[in-house]
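Take a look at the structure below.
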Amino acid sequence: MDEEIVFERDATTPAGEVAQLSPLVRRVIAGNGGPMTFTGTCTYIVGRGTVAVIDPGPADPAHIACLLAALRGETVSHIVVTHTHRDHSPAVPALQAATGARVVGCGPHRPSRKLGPGEGRVLDAAADVAFRPDEQMQDGDTIAGPGWSLAAVETPGHTANHLAFTLAEEETLFSGDHVMAWSTSVIAPPDGAMAAYMASIEKLRGMAHKRYWPGHGGPVSEPQRFLRGLVQHRRQREAAILNRLAAGDDTIAAMVPAIYQGLAPALHGAAALSVLAQLEDLVLRGEVLASDPVPGLTSRYRIV
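If you want it as structure tokens, here you go:
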């Protein structure tokens, strides 16, 4: 059954404030709010006494100080990273130096496919390429502390190395940037890939969680309904692209204003990358042809 997606953009707690979200989960939001990060990156503390910290956030001294204040008197056994964008993992070295915790989670940053001309610079601009975990977790790998456990769920798509984490004791999922209540995830090649993203959505549809705690914004309170809405949203976006191709628009630059009417100009770049991600998927499926071996933002496209 299709679902119309409904986004939740209610204000979350202020940056720097410690919010008790559940018996096992606390949150501190970084002060890096913006068009791509909503109110800021959500850093989560799991457990009491001996804890794990999920996604320490950007290398912002003020955020790191707030986080350390929230952790005073506790032992951080693990620093867990969902993916290596600059708003999620660069605070790892400072937090590890202060706590001695083991860094686990996703592997080093990597592209989702072969790079086209100039794409390496684009990839490096968004990524924390210096990140190296003490232990790279694979699907199903688990870490644990007193009264809590976190199991890795491989969810590539937003990035090639993206992981989510199940907190079995509360039947919840830390979904990183894969699923967020405030917006759809940006799939930006060569960093991300639409085919992998949709496969990861289907993977989560086969799992049972009562709630998601995402990398930005508030919780996803009805995960299965929301996932159905995401699938419907992507189908509608794909149909819009095919309609523009049928109407004669053969470049992404021509498609974006027609598909994203009323979108703020500051977000046109992200929209163009989202269209590219959809076109890459259509090319892989043999429904669309691109003028270049590696489909890009300046390529020309036509329906097969």
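Numbers given in the working numbering equal positions in the sequence shown, counted from 1, plus 5. We put the CB at the ideal spot given by N, CA and C, even for glycine.
Span of the beta strand (DSSP E), counted from its first residue to its last, around Ser82: Thr80 to Val86
Exposure label - Pro122; buried when at least 16 CB within 10 Å: exposed
Inter-stretch contact at 8 Å, needing at least 3 Cβ pairs: the stretch 47-64 / the stretch 284-303: no
CB of Arg107 within 8 Å of CB of Asp139, strictly: yes
Any non-hydrogen atom of the ligand NAP within 7 Å of His163 CB: The ligand NAP is not part of this structure, which contains no ligands at all.
Per-residue burial, Ala213 [other beta carbons within 10 Å of its own, 16 or more giving buried]: exposed
Secondary structure of Ala96, DSSP reduced to three states: coil
Environment of Ile34 [buried if 16+ CB atoms lie within 10 Å]: buried
Beta-carbon separation (whole angstroms), Met185 vs Gly211, contact threshold 8 Å: Between Gly211 and Met185 the Cβ distance is about 20 Å, and since that is not below 8 Å, they are no contact.
Distance, Val11 Cα to Arg32 Cα: 23 Å
N- and C-terminal bounds of the alpha helix (DSSP H) containing Ala276: His273 to Leu289
Among Ile246, Gly152 and Pro40, nearest to Val288 - alpha-carbon criterion: Ile246
With 16 other Cβ atoms within 10 Å as the buried cut-off, status of Gly291: exposed
Cα-Cα separation between Ser82 and Leu29, rounded to whole angstroms: 15 Å
Nearest-angstrom Cβ-Cβ length linking Val134 and Gly110, presumed shorter than 8 Å: At roughly 16 Å, the Cβ-Cβ gap does not stay under 8 Å, so Val134 and Gly110 are not in contact.
Glu22 classed as buried or exposed, judged by whether at least 16 other C-beta atoms fall within 10 angstroms: exposed
Element boundaries [beta strand (DSSP E), containing Cys5]: A question about residue 5 goes unanswered here, because the residues of the chain that appear run from 6 up to 309.
Cβ pair Leu281, Ile257 closer than 8 Å: yes
Cβ-based burial, Ile308 [other Cβ within 10 Å; buried from 16]: exposed
For Ala57 and Ala277, the rounded distance between their alpha carbons: 37 Å
Contained alpha helix (DSSP H) runs [length at least 4] in the stretch 150-213, N- to C-terminal order: 199-210
Gln25 - containing beta strand (DSSP E), residue span: Val23 to Gln25
Burial state of Asp286 (16 or more Cβ within 10 Å): buried
When Glu124, Glu175, Ile59 and His88 are compared against Arg137, the one with the closest alpha-carbon: His88
Counted within 10 angstroms of its Cβ, other Cβ atoms place Asn248 as buried (16 or more) or exposed: exposed
Val241 (DSSP reduced to helix, strand or coil): The sequence shown places Gln at residue 241, rather than the Val named in the question. Helix at Gln241.
For His68, the three-state DSSP class (helix, strand or coil): helix
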